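With numbering that gives the first Met the number 0, letter number 193 in the sequence shown gets 192, and the count goes up by one each step, no holes.
Yeah, the Cβ is synthetic: ideal placement off N, Cα and C, and Gly gets one too.
This structure is a prediction, so every number in the text was calculated from the model and none was measured.
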Amino acid sequence: MAARKTTKKPNISAEELTHYYREMLLIRRFEEKAGQLYGMGLIGGFCHLYIGQEAVVVGLEAAAEEGDKRVTSYRDHGHMLACGMDPKGVMAELTGREGGYSRGKGGSMHMFSKEKHFYGGHGIVAAQVPIGAGLAFSDKYRGDDRVTFTYFGDGAANQGQVYETYNMAELWDLPVVFVIENNQYAMGTSVKRSTKSPSLWERGAAYGIPGEEVDGMDVLAVKAAGEKAVAHCRAGKGPYILEVKTYRYRGHSMSDPAKYRTREEVQKMREERDPIEGVKQMLLTGKHASEDDLKAIDKEIKDIVNEAAEFSKESPEPDVSELWTDILTDEVPQEVSA
């Protein structure tokens with residue numbers, strides 16, 4: 000079993016730090032607005048918010064390069080925004096409108112962007128893990144030096160297909176970073192009550208996969224660990240596991256009152272470990288930005304989110320004929336027909 004590793008945080012410029020602040024704030028404000036729209040009945044079905052976990056995906060996207068892929072589960076809005084998907088298209092999809100990324104047919108849990116190499120949120124727990132290995136296999140087969148970030152949670156980490164995937168990924172030296180977003184409660188059961196292993200990343204040792212635990216409330220720590228994982232994969236050394244210890248402030252979904260933890264616990268995390276507040280204080284104490292500068296950024300972000308919400312309200316609902324699109328193709332791939 001590999002020893003727990005400590006990744007040294009990188010030196011960071013004021014410009015980069017401000018960028019991370021802006022990206023995390025966009026996710027936070029977007030999710031808050033999504034929660035409001037859900038309460039107004041404009042978002043149907045399930046809606047899983049990413050509030051509190053923003054540093055995870057922003058830090059890892061900082062370590063990614065153009066062409067790298069990502070796939071995740073249903074708590075996916077933050078991943079979409081962090082990889083550059085348009086907030087208008089994301090919000091329109093949440094509200095089931097034609098202007099959404101899946102033309103209103105995927106909703107909160109299932110949308111994709113081939114352009115941004117985002118291969119979806121997936122509703123079946125851990126189903127995205129073997130898909131992520133498949134994406135990485137395609138990159139290795141083509142020899143294009145790309146890496147796939149495969150995100151899943153602490154609940155999904157107990158699913159059998161995760162370990163089947165670990166075995167295949169290490170056997171074939173696939174360039175995949177397995178990212179365990181350990182928000183400590185899965186759907187509603189504390190990891191302490193559901194998982195015997197003291198850590199989740201160390202399970203990879205059985206397959207020879209290295210990894211480490213990362214402070215998921217610190218965007219710079221996540222970025223540094225992400226860079227190490229990506230370098231490992233690009234060097235042809237196979238997969239890498241990052242267990243990113245994070246925390247979600249809301250319930251599992253909008254219908255979850257989260258009575259399995261105390262309000263005091265959540266408030267303590269907000270006050271002492273909030274990822275956005277941490278970067279804000281770094282900007283202020285380092286004199287990289289003033290309070291007025293940060294207020295201006297917040298206003299800019301709120302305008303973007305409000306514009307996305309208005310776009311989603313104005314976008315029409317899909318035509319009934321959309322029920323019959325994207326379900327069958329008569330085209331035969333050239334490789335097969337040949």
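Just the Cα atoms here: how many angstroms apart are residue i and residue j?
i    : j    : result
L327 : E321 : 12 Å
E271 : E316 : 43 Å
R141 : W171 : 14 Å
H78  : D217 : 17 Å
M0   : E163 : Only weak support is given to the placement of M0: the predicted model assigns it a pLDDT of 41, under 50, and the value that follows is read from those uncertain coordinates. Going by the C-alpha atoms only, they are around 19 Å apart.
P174 : D273 : 31 Å
Y344 : E330 : No answer is possible for residue 344: the residues shown for the chain start at 0 and end at 337.
H231 : Y239 : 7 Å
V178 : A155 : 11 Å
T194 : E313 : 46 Å
I42  : A205 : 43 Å
N10  : D292 : 22 Å
L199 : E242 : 7 Å
V161 : V56  : 20 Å
D325 : S101 : 10 Å
H287 : V278 : 11 Å
S311 : L219 : 33 Å
E263 : E114 : 42 Å
L93  : A33  : 8 Å
E64  : M23  : 19 Å
E306 : R96  : 15 Å
L80  : S72  : 15 Å
M39  : A91  : 15 Å
With distance defined between alpha-carbon atoms, name the residue in the options nearest to residue i.
i    : options                : result
K294 : E53, R21, D85          : R21
H251 : V229, L16, R96, C46    : C46
S189 : D153, Y165, E180       : D153
S107 : G122, F117, K227, Y118 : G122
G51  : L282, I275, D75        : I275
K139 : A63, K236, R28, E211   : K236
V89  : R69, D67, A62, G119    : G119
A308 : A81, G99, K68          : G99
A13  : V319, G285, E212, D325 : G285
F117 : R96, V124, G66, Y49    : G66
A234 : T94, D144, P197        : D144
G187 : E211, R260, G215       : R260
E30  : F148, Q158, Y248, G44  : Y248
C82  : A125, K258, I26, A168  : I26
I303 : K191, A223, M84        : M84
Run through DSSP, which three-state label would residue i get?
i    : result
D217 : coil
H116 : coil
S72  : strand
V124 : coil
L241 : strand
I179 : strand
E212 : strand
F45  : coil
G77  : helix
W171 : coil
G342 : Summary: the structure shown does not reach residue 342, with the chain confined to residues 0 through 337, and so no result is reported for it.
R145 : coil
E330 : coil
D325 : coil
N166 : helix
K286 : coil
Could you check how far apart the C-beta atoms of residue i and residue j are, in whole angstroms? I think they sit under 8 Å.
i    : j    : result
V176 : A54  : Wrong, their Cβ atoms sit about 16 Å apart, outside the cutoff.
I130 : Y165 : Their Cβ separation, rounded to whole angstroms, is 14 Å, which puts I130 and Y165 out of contact at 8 Å.
T245 : E180 : 6 Å
M253 : Y37  : 5 Å
For the ligand ADP, is there any heavy atom lying closer than 8 Å to the beta carbon of residue i?
i   : result
E65 : Although the ligand ADP was asked about, the structure shown includes no ligands whatsoever.
Report the partner residues of residue i according to the DSSP bridge assignment.
i    : result
E316 : Paired residues: none, contrary to the question.
Y339 : Any property of residue 339 remains undetermined from this structure, which presents the chain solely from 0 to 337.
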